[in-house]
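In my numbering, the protein residues as written are 1375 to 1552. Quick reminder that beta carbons are idealized off the backbone N, C-alpha and C, glycines included. Since the model is a prediction, treat every value here as computed from it, not as a measurement. Report on the structure given below.
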Ligand SMILES: CC(C)(COP(=O)(O)OP(=O)(O)OC[C@H]1O[C@@H](n2cnc3c(N)ncnc32)[C@H](O)[C@@H]1OP(=O)(O)O)[C@@H](O)C(=O)NCCC(=O)NCCS
């Protein structure tokens, strides 16, 4: 667990979620899913039961393929970051990042702190060489944030997202760690 002081002097606590966070985590995902078109899910959130979420959160403690951190202000989950990898020998040097912050808390530095903290955790694994991500080409705020943190665009995935009848391209971005 670590704490950071935000631009507005609020204290952000960052920690790995555990099974006791299952209900609030599922609520959080529904809230952020409903606040943006830039995530891979909408207001329905994640299709997990509370029990499935508990099992997933339990698995994080010893996982070498999934890093997840939540950011809390006064015990409210305000942001979340994940790094997903694989144990497959030829692929395990990369992890893919996903991040979200509740809209009321945007632009206070929360995503920046969460991403930087997750990268520190990834480095502790000892073999992660790059962080990758996909971001909608019209998500200028996120692209700026990623570029600020050192990610660069390396390609485009045409029509990766489909919102009803509208296709959205995504950029593929990479942050080398070496
Ligand atoms: C993208 C997101 C995670 C950023 O979270 P955040 O906590 O507001 O991010 P931070 O406060 O750490 O950084 C904000 C950065 O965004 C950029 N930014 C903010 N407003 C911007 C704007 N209007 N235009 C362009 N860039 C902007 C800036 O680089 C800013 O950093 P700076 O203030 O140091 O210059 C958040 O907006 C969010 O959850 N969006 C919806 C979900 C999403 O898009 N997730 C990413 C999917 S790939």
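- The alpha-carbon of residue 1469 is positioned some 5 Å away from that of residue 1505.
- The beta carbon of residue 1428 sits closer than 8 Å to the beta carbons of 1393, 1396 from its chain, once the five residues preceding and following it are set aside; these are given in chain order.
- Sorting 1399, 1380, 1386, 1410 by C-alpha distance to the C-alpha of residue 1513 places 1410 at the top.
- The residue among 1451, 1510, 1426, 1391 with its C-alpha nearest the C-alpha of residue 1405 is 1451.
- In the structure shown, the three-state DSSP call for residue 1484 is helix.
- Secondary structure of residue 1458 (DSSP, three-state): strand.
- When the five nearest sequence neighbours on each side are left out, the beta carbons in the same chain lying within less than 7 Å of the beta carbon of residue 1474 are those of 1406, 1413, 1453, 1454, in order along the chain.
- In the assembly as shown, residue 1488 is a buried residue. Its beta-carbon has 16 or more other beta-carbons within 10 Å.
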